[in-house]
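Inspection log for the structure reproduced underneath, given as structure tokens.
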Amino acid sequence: MRILLIEDEKRLSHFIKKGLTENGFAVDQAFDGEEGLYLAQYESYDVIIMDVMLPKMNGIEMCQKLRTLKKETPILILTAKSEVEDKIKGLDSGADDYLTKPFEFAELKARINALLRRSYRQVSNNLAIDNFEVNTSKHTVFRNKKPIKLTPKEFAILELLLRQKHEVVTRTQIIEHVWDYNFESLSNVVDVFMGTLRKKIDKGEKVKLIHTLHGVGYMITDKTP
Ligand code: CA
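Sequence positions in the sequence shown follow the UniProt record's numbering and run 1 to 225.
Structure follows, in structure tokens:
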């Protein structure tokens, strides 16, 4: 899942990015409101995290602009303790949730997961299909009760496919939601990852879950696609 982080405090921004990247998220950083608004408008994100007090354009104004432009990406605003007014203004202007600084990283992660569940219309962090079980909060993967070890990128691709199970996910969507802005797409990188995932998840199993739709993309399903 790909996140846009708009925060002008460089140390905090790098701390959040590091934590999220370790959890398999792709993170783009913007350090002022204008840069943030530009990226939010033209790139695809699953969640936008934004500070309220920002150079060039504040978070409240940015929320309003994005909602006016019909951008529906979930927005989590970060506010300082003293800015109670900003929380209300932020929610009123289209933000979906807020977090008060300083915060625990675990809480930020839980709130991001909650926003993702809502936008993909899921009620739980457990995504299951056939005898395959994935927990998006604990990052655990089981097939037939046996644990499977995945790298953060492999997990991120799997999570994207599972959140849209029984639907086709194109290579472009995978690249857009799993890698950040600096990624230079190599022609077959997605296929290489999918090959590894297929080996780890489907090898030796009667029901194959990962399907290739030639020229279109990939689908995770236990039905015939
Ligand atoms: Ca700030």
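Glycine included, every Cβ here is placed at the ideal spot set by N, Cα and C. In this text the structure is predicted, and so the values were computed from the model without any measurement.
Query: Rounded straight-line distance, which links the Cα of residue 154 to that of residue 168; Result: 18 Å
Query: Beta-bridge partners of residue 147, as assigned by DSSP; Result: 142
Query: Rounded distance between the beta-carbons of residue 99 and residue 76, thought under 8 Å; Result: 6 Å
Query: Bridge-paired residues (DSSP) for residue 86; Result: Partner(s): none; residue 86 has no beta bridge.
Query: Distance CB(residue 36)-CB(residue 48) smaller than 9 Å; Result: yes
Query: Cβ neighbours of residue 216 in the same chain (closer than 7 Å, five flanking residues each side left out); Result: 168 and 170
Query: Beta-bridge partners of residue 133, as assigned by DSSP; Result: 128 and 142
Query: Residues of its chain near residue 129, where Cβ-Cβ distance is below 8 Å and the 5 sequence neighbours each way are ignored; Result: 162, 165, 209, 220, 221 and 222
Query: Nearest-angstrom Cα separation, counted from residue 141 out to residue 206; Result: 18 Å
Query: Residue 97 versus residue 88 - alpha carbon distance; Result: 10 Å
Query: Where the beta strand (DSSP E) through residue 80 begins and ends; Result: 75 to 80
Query: Cβ separation of residue 45 and residue 4, assumed to be a contact under 8 Å, to the nearest whole Å; Result: 4 Å
Query: Residue 159 beta carbon less than 9 Å from that of residue 1; Result: yes
Query: Residues sharing a beta bridge with residue 217, DSSP; Result: 170 and 213
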